[in-house]
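Data block below; observations after.
Protein chains: 2
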Amino acid sequence: MNGAQALIRTLVDHDVDVCFMNPGTSEMHFVAALDQVPEMRGVLALFEGVATGAADGYGRMAGRPAATLLHLGPGLGNGVANLHNARRAHTPVVNIVGDHATYHKAYDAQLESDIDAVASNVSPGFVRRTQRADDVVADALDALTAAIGPPGQVATLILPADASWSDTTVTSGPSRPVREAPVDVDRVEAVAKVLRSGEPVALFVGGRVVRGDALTRAGAVCAATGAKLLCETFPARLERGAGRVAVERLGYLAEFATAQLDGLAHLVLVDAASPVSFFAYPGKASDLVPEGCAVHELAGPADDAPGALAALAELVGAVAGDAVLQPPGRPDAPSGELTAQTVCAALGALLPEGAIVSDEGNTTGLFAAGATAGAPPHDWLCLTGGAIGQGLPVAVGAAVACPDRRVVAFESDGSALYTLQSWWTMASEGLDVTTILLNNGSYAVLNMELDRVGAEASGPRAKRMLRLDPPALDFVALANGMGVPATRATTADELVDQLGRSLATPGPSVVEAIVPSII
Amino acid sequence: MNGAQALIRTLVDHDVDVCFMNPGTSEMHFVAALDQVPEMRGVLALFEGVATGAADGYGRMAGRPAATLLHLGPGLGNGVANLHNARRAHTPVVNIVGDHATYHKAYDAQLESDIDAVASNVSPGFVRRTQRADDVVADALDALTAAIGPPGQVATLILPADASWSDTTVTSGPSRPVREAPVDVDRVEAVAKVLRSGEPVALFVGGRVVRGDALTRAGAVCAATGAKLLCETFPARLERGAGRVAVERLGYLAEFATAQLDGLAHLVLVDAASPVSFFAYPGKASDLVPEGCAVHELAGPADDAPGALAALAELVGAVAGDAVLQPPGRPDAPSGELTAQTVCAALGALLPEGAIVSDEGNTTGLFAAGATAGAPPHDWLCLTGGAIGQGLPVAVGAAVACPDRRVVAFESDGSALYTLQSWWTMASEGLDVTTILLNNGSYAVLNMELDRVGAEASGPRAKRMLRLDPPALDFVALANGMGVPATRATTADELVDQLGRSLATPGPSVVEAIVPSII
């Protein structure tokens with residue numbers, strides 16, 4: 055058995071059985087090994103950012119890591135943006151980067167570069183360079199353990215070509231050690247005391263506690279204690295909809311977030327970082343916690359946050375059935391003009407039960423949260439790291455992880471352009487993904503930011519850098535070019551009709567919605 | 055004046071007057087300043103790899119740097135692959151990466167990451183993090199000096215938002231120091247001795263000595279001494295065609311390169327690295343220099359290589375007029391089946407005088423060098439670093455640098471997919487670029503490599519990872535979607551007709567050539 059076969063065998067033996075890849079010559083033995091270890095599903099992406107974003111989406115939905123396979127430093131570079139989002143989401147990813155054979159590196163061949171340096175950006179917690187085939191299994195297990203955490207993370211395994219092609223007799227390792235993260239009872243008691251203080255408190259939740267039992271418990275704790283329930287601005291995977299605990303997301307704009315946090319005496323963090331402004335703005339605070347508000351951490355990403363929340367719920371006498379649940383309710387299917395509001399209403403009117411929404415709707419999507427709040431239960435995946443170009447790849451990964459559910463990529467034009475090769479993978483794999491492509495012809499968020507940062511009155515030369523036309527992008531043509539059927543809606547009625555058909559049709563399709571910018 | 059305005063003013067005062075950009079919020083003051091300093095031309099790209107590749111193409115053709123403007127770590131990541139190619143080409147690039155405000159970094163906001171680590175991959179020689187607006191001018195001048203070299207390089211300037219937006223009175227700096235690179239007379243004399251030895255010698259040229267007077271001198275030295283003239287496999291910018299010194303490029307495949315180098319007693323490097331195998335292969339040597347062949351370096355990228363060559367030419371009594379020049383000659387316009395051969399023949403038959411060919415033709419392009427050797431004088435830009443997705447962006451930059459010349463992007467399907475957003479920029483800027491899109495439906499080079507690396511008999515699961523269909527990519531639709539007119543050729547006659555029209559039509563257009571894979 056060669057190193058590549060041992061690696062893939064080890065991965066599949068530990069439930070890593072999907073690899074999103076864009077391989078090159080140095081990865082050919084890994085690719086060849088797919089026929090020897092057929093339990094591993096190789097999913098080809100035509101750009102690395104698709105592969106890494108898909109691994110993120112997969113990990114968020116499957117709760118276990120996918121592998122990636124990337125080609126040396128440039129391939130890793132192309133994957134950085136979506137690995138950054140995965141890092142911020144604490145998604146487990148086994149990020150495999152092929153490299154030259156160990157002895158070849160000294161020759162500084164054309165593709166030689168400092169892979170480790172780039173990897174340290176997205177994998178600060180784990181970068182391992184395998185030295186020989188005999189080490190592959192142990193290194194893979196270490197990478198897998200690191201990836202799963204807690205905290206979940208991107209673990210990078212750099213795989214020299216000769217470690218792949220050389221034979222090894224070391225083809226299995228010990229059981230993967232599980233990292234135990236005990237609940238810190240002192241912290242639970244301290245938070246319980248805060249909740250009983252009678253002062254204004256909010257639970258600020260994120261990560262693993264915005265879904266499943268943990269979310270229910272968070273709602274129950276708030277019901278029992280009168281605390282406010284808030285969640286991070288861009289959760290990795292939020293379970294929401296009718297019958298679930300309704301949780302208010304902190305606003306992206308500091309002005310809104312400040313209003314939401316106003317008057318709090320205590321903010322309790324549960325698997326969420328203390329809220330800060332997304333960007334700095336001249337003369338405005340970076341820290342969004344109001345003055346005089348104390349911040350307490352119940353549990354962080356490296357802890358057993360769901361366990362800590364369960365302990366807290368018990369301590370404060372929270373009863374699951376007391377949590378305030380979202381009542382069902384949908385907007386009417388909209389008619390007339392196609393606007394940001396009517397696009398979001400159409401989504402709310404039609405979103406199927408069990409849908410997974412990959413949300414990169416940005417400015418046009420402003421009204422989506424409200425319009426879908428009472429829709430049947432669904433998952434909402436957000437832009438965790440702010441690196442745009444996430445939405446379509448994450449939809450790919452979510453669809454691979456959950457083949458029985460409809461995935462909706464709610465996607466802005468500017469963001470889609472970074473990783474539109476995702477559509478090809480959706481078609482090649484026959485994934486049930488509906489893309490709603492929001493075409494307003496501009497980087498609308500930057501038009502807003504240009505004003506917000508206090509830039510001097512900007513002129514036509516600056517404004518040109520924020521527009522996506524001329525020439526106007528034709529996303530129907532782009533989707534067709536990638537092998538995906540597509541339609542264009544210019545009225546709300548057309549959108550409702552086309553969206554309904556897309557949601558009912560197996561495989562991928564794209565509905566381009568021509569909307570005016572809200573900015 | 056704020057820091058952003060001071061930066062742009064400094065750049066334009068030193069002849070850096072084009073900035074290829076994909077900005078975000080932290081770069082909004084830079085963008086706003088485009089209206090205050092209108093001498094700077096901002097060129098918007100819809101993906102960072104387009105911006106960085108365009109800066110590479112611009113630098114290769116203009117002989118002076120363009121600037122880039124990228125958005126934090128993820129934006130730099132997306133630009134890494136083509137910055138890698140620029141690094142390998144020794145192209146001067148002032149690579150500006152916006153970052154959070156200095157005081158905001160401590161808050162670890164969503165887009166925070168280790169930009170410096172990623173930058174060190176592509177800018178090992180110069181990464182500067184500006185600390186305040188008062189330092190912007192001095193830092194920009196240092197970056198510019200480093201970028202220009204010699205050696206030319208990617209110099210990264212990390213620009214925090216508050217250094218951009220804060221006011222400064224430091225708005226001009228000293229004249230930019232020029233790095234002197236004297237000629238090493240001892241090395242020149244040693245090489246002259248080698249050339250007079252009577253033993254088999256080859257000049258192995260690259261970088262700045264495969265064009266202009268330097269190339270003529272290299273040819274004259276060979277004519278005077280009987281040395282063989284070879285050039286690096288992937289030169290950054292090769293001047294060739296009728297009436298120019300014909301130079302044989304070293305083959306990509308080690309088997310071919312070995313044959314070309316066979317029998318040499320001496321290899322003299324002139325602005326070129328000693329030849330090594332592109333990848334390692336089991337049981338094959340990485341070093342391509344034959345046993346017993348001595349390697350001598352006349353001058354490297356950090357030296358005055360053209361000056362050293364001029365000194366050598368004088369010392370060996372080389373006469374410019376004695377250099378062997380390429381006679382004119384074109385293939386006939388092909389007819390019948392469209393194949394790799396007939397595509398290349400069509401290019402050779404129609405290539406206009408003064409054209410710039412951005413070559414990412416890969417396997418289909420195998421016959422292009424031969425077919426165009428005697429075409430009217432033109433420039434040939436190669437994939438210097440092996441990071442695919444270079445061809446279209448480099449064509450963008452070359453067209454911006456040389457608005458009076460026709461640029462031909464000779465581009466493979468798989469490679470085009472990494473940076474196809476280039477077409478939008480060609481359209482938005484009205485650039486005279488003809489793309490010949492070579493569609494063979496596969497990563498053909500990997501099918502070849504899969505065999506060459508000695509991978510075990512591979513099966514259908516491996517082979518699927520190397521195919522670009524199903525679904526078939528429709529590049530006419532993709533180009534149209536990006537706002538570029540396109541046609542499809544399925545016969546040689548159609549290609550000749552469509553290529554002729556494209557070359558004669560101002561602005562960008564795409565001709566998709568459907569070809570069988572040669573593998």
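Chains as they are written, first to last, in the working numbering: chain A, 55 to 573; chain B, 55 to 573. For glycine and all other residues, C-beta sits at the position ideal for the given N, C-alpha and C. Predicted, not measured: the structure shown is a model, and the values here were computed from it.
Chain B contact residues for F332 of chain A, given Cβ-Cβ distances below 9 Å | As a first step, residue 332 of chain A is located in the first sequence; it is residue number 278 there, counting from the start. Near F332 of chain A (Cβ distances below 9 Å), the residues of chain B are T79, A163, Q164 and L165.
Note down, in chain order, all residues in the stretch 318–348 of chain B with a beta-carbon under 8 Å from any beta-carbon belonging to chain A.
-> A327, V330, S331, F332, F333, A334, P336, S340 and D341
Which whole runs of the alpha helix (DSSP H) in the stretch 331–390 of chain B are 4 residues long or more, in chain order?
-> 359–369
Same chain, Cβ closer than 6 Å to V550 of chain B, five either side skipped, listed in chain order = Indexing the second sequence from 1 puts residue 550 of chain B at position 496. Correct list, in chain order: A387 and A400.
8 Å contact criterion, which E286 of chain B and A244 of chain B should meet: CB distance rounded | Against the second sequence, residue 286 of chain B aligns to sequence position 232. Against the second sequence, residue 244 of chain B aligns to sequence position 190. Their Cβ separation, rounded to whole angstroms, is 21 Å, which puts E286 of chain B and A244 of chain B out of contact at 8 Å.
Amino acids of chain A, ordered along the chain, whose beta-carbon sits closer than 8 Å to that of D168 of chain B | Counting from 1 along the second sequence, the entry for residue 168 of chain B is found at position 114. Per Cβ cutoff of 8 Å: S174, N175 and P178.
Backbone secondary structure at H144 of chain B - three-state DSSP | Mapped onto the second sequence, residue 144 of chain B falls at position 90. It is coil, neither helix nor strand.
Go through its chain and collect everything with a Cβ distance to S389 of chain A's Cβ below 6 Å, but skip five positions before and after it.
-> In the first sequence, the residue the question calls residue 389 of chain A occupies position 335. The answer, listed in chain order, is A546 and D547.
Report the residue ranges of all alpha helix (DSSP H) runs contained in full by the stretch 458–490 of chain B; include only those spanning at least 4 residues, in chain order.
-> 467–470 and 476–483
Taking the alpha-carbon positions, what's the G113 of chain B to R262 of chain A distance?
-> In the second sequence, counting from the first residue as 1, residue 113 of chain B sits at position 59. In the first sequence, counting from the first residue as 1, residue 262 of chain A sits at position 208. Using only the alpha carbons, I get a separation of about 48 Å.
What are the start and end residues of each continuous beta strand (DSSP E) run of 3 or more residues lying completely inside the stretch 527–571 of chain B, in chain order?
-> Listed in chain order, the complete beta strand (DSSP E) runs (minimum 3 residues) inside the stretch 527–571 of chain B are 540–543 and 563–568.
Look at the alpha carbon of P108 of chain A and the alpha carbon of R265 of chain A, and state the distance between them as a whole number of angstroms.
-> Along the first sequence, one-based indexing puts residue 108 of chain A at 54. Along the first sequence, one-based indexing puts residue 265 of chain A at 211. Pro is not the amino acid found at residue 108 of chain A; the sequence shown has Ala there. Spanning the two alpha carbons is a distance of roughly 21 Å.
Can you name the start and end residues of the alpha helix (DSSP H) that D110 of chain A belongs to?
-> Within the first sequence, the letter at position 56 stands for residue 110 of chain A. Per DSSP, D110 of chain A belongs to the alpha helix (DSSP H) from E102 to A116.
Taking a cut of 7 Å between CB atoms, which residues from the stretch 128–154 of chain A lie near chain B?
-> Residues are counted here when their Cβ sits less than 7 Å from a Cβ of chain B; for the stretch 128–154 of chain A these are P128, G131, N132, V134, A135, H138, R142 and H154, given in chain order.
Quick one: does H158 of chain B have its CB under 8 Å from some CB of chain A?
-> The residue labelled residue 158 of chain B in the question sits at position 104 within the second sequence. Closer than 8 Å: yes.
What are the boundary residues of the alpha helix (DSSP H) that G440 of chain A is part of?
-> Taking the first sequence and counting its residues from 1, the one referred to as residue 440 of chain A is at position 386. Counting along the chain, G440 of chain A falls outside any alpha helix (DSSP H), and DSSP gives it neither H nor E.
What residues in its chain sit with their C-beta under 7 Å from that of S556 of chain B, if we drop five residues either side in the sequence?
-> Here residue 556 of chain B is taken as the residue at index 502 of the second sequence, counted from 1. So the qualifying residues of the chain are T488, S563 and V565.
Contact residues within the stretch 291–313 of chain A, judged by C-beta distance below 9 Å to chain B = none
What residues in its chain sit with their C-beta under 7 Å from that of A194 of chain B, if we drop five residues either side in the sequence?
-> Within the second sequence, the letter at position 140 stands for residue 194 of chain B. Correct list, in chain order: L61, T64, L65 and L211.
For S218 of chain A, which of helix, strand or coil comes out of DSSP?
-> Residue mapping note: residue 218 of chain A aligns to position 164 of the first sequence, counting from 1. Helix at S218 of chain A.
So, is the C-beta of P385 of chain B closer than 8 Å to a C-beta in chain A?
-> On the second sequence, position 331 is the one that residue 385 of chain B refers to. It does not; no Cβ of chain A falls within 8 Å.
Taking just the CA atoms, how far does A200 of chain A sit from G78 of chain A?
-> Here the question's residue 78 of chain A lines up with position 24 in the first sequence. Here the question's residue 200 of chain A lines up with position 146 in the first sequence. So the two alpha carbons sit approximately 26 Å from each other.
7 Å Cβ shell around A423 of chain A - same chain, five flanking residues per side excluded = Here the question's residue 423 of chain A lines up with position 369 in the first sequence. For A423 of chain A, where only same-chain residues beyond five positions count, the Cβ hits under 7 Å are R303.
Closer than 8 Å by C-beta to G346 of chain A: which residues in its own chain qualify, once you throw out the five before and the five after it? Chain order, please.
-> On the first sequence, position 292 is the one that residue 346 of chain A refers to. Closer than 8 Å at the Cβ level, and outside the excluded window around G346 of chain A, lie A319.
For A99 of chain B versus T438 of chain B, is the C-beta spacing smaller than 8 Å?
-> Counted from its first residue, the second sequence places residue 99 of chain B at position 45. Counted from its first residue, the second sequence places residue 438 of chain B at position 384. Their beta carbons are not under 8 Å apart, which means A99 of chain B does not touch T438 of chain B by this criterion.
Return the residue from the list A:Q395, A:A533 and A:L404 that minimises the CA-CA distance to R384 of chain A.
-> One-based indexing of the first sequence puts residue 384 of chain A at position 330. With distances taken between Cα atoms, R384 of chain A lies closest to A:L404.
Count the other C-beta atoms from every protein chain shown that fall within 10 angstroms of the C-beta of V373 of chain B, then say buried if there are 16 or more, exposed otherwise.
-> Counting from 1 along the second sequence, the entry for residue 373 of chain B is found at position 319. Burial call: exposed.
Endpoints, the beta strand (DSSP E) within which I410 of chain B is located | One-based indexing of the second sequence puts residue 410 of chain B at position 356. I410 to E414 is the extent of the beta strand (DSSP E) around I410 of chain B.
Chain B residues whose Cβ lies nearer than 9 Å to that of Q475 of chain A = Indexing the first sequence from 1 puts residue 475 of chain A at position 421. Within 9 Å Cβ-Cβ: L471, Y472 and L474.
Whether D168 of chain A touches S174 of chain B by CB criterion (8 Å) | The residue labelled residue 168 of chain A in the question sits at position 114 within the first sequence. The residue labelled residue 174 of chain B in the question sits at position 120 within the second sequence. Cβ atoms of D168 of chain A and S174 of chain B: closer than 8 Å.
Taking contact to mean at least 3 C-beta pairs separated by less than 8 Å, is the stretch 77–92 of chain B in contact with the stretch 123–140 of chain B?
-> yes
Can you tell me the Cα-Cα spacing of A657 of chain B and T417 of chain B, whole angstroms?
-> Coverage of chain B is limited to positions 55 through 573, which leaves residue 657 of chain B absent and any answer about it impossible.
Residue range of the unbroken alpha helix (DSSP H) whose run includes H83 of chain A | For the purposes of this step, residue 83 of chain A is taken as residue 29 along the first sequence, with counting starting at 1. M82 to A86 is the span of the alpha helix (DSSP H), which, as asked, contains H83 of chain A.
Local Cβ density within 10 Å of D240 of chain B, reported as buried at 16 or more and exposed below that = Walking along the second sequence from the start, residue 240 of chain B turns up at place 186. With fewer than 16 other Cβ atoms within 10 Å, it is exposed.
Exposed or buried, A290 of chain B, counting other C-beta atoms within 10 Å across all chains shown (16 or more means buried)?
-> Here residue 290 of chain B corresponds to residue number 236 of the second sequence, with the count starting at 1. Buried.
How would you list, in chain order, the residues of chain B whose beta-carbon sits under 9 Å from the beta-carbon of D216 of chain A?
-> The count along the first sequence starts at 1 and reaches residue 216 of chain A at position 162. Simply A334 and P336.
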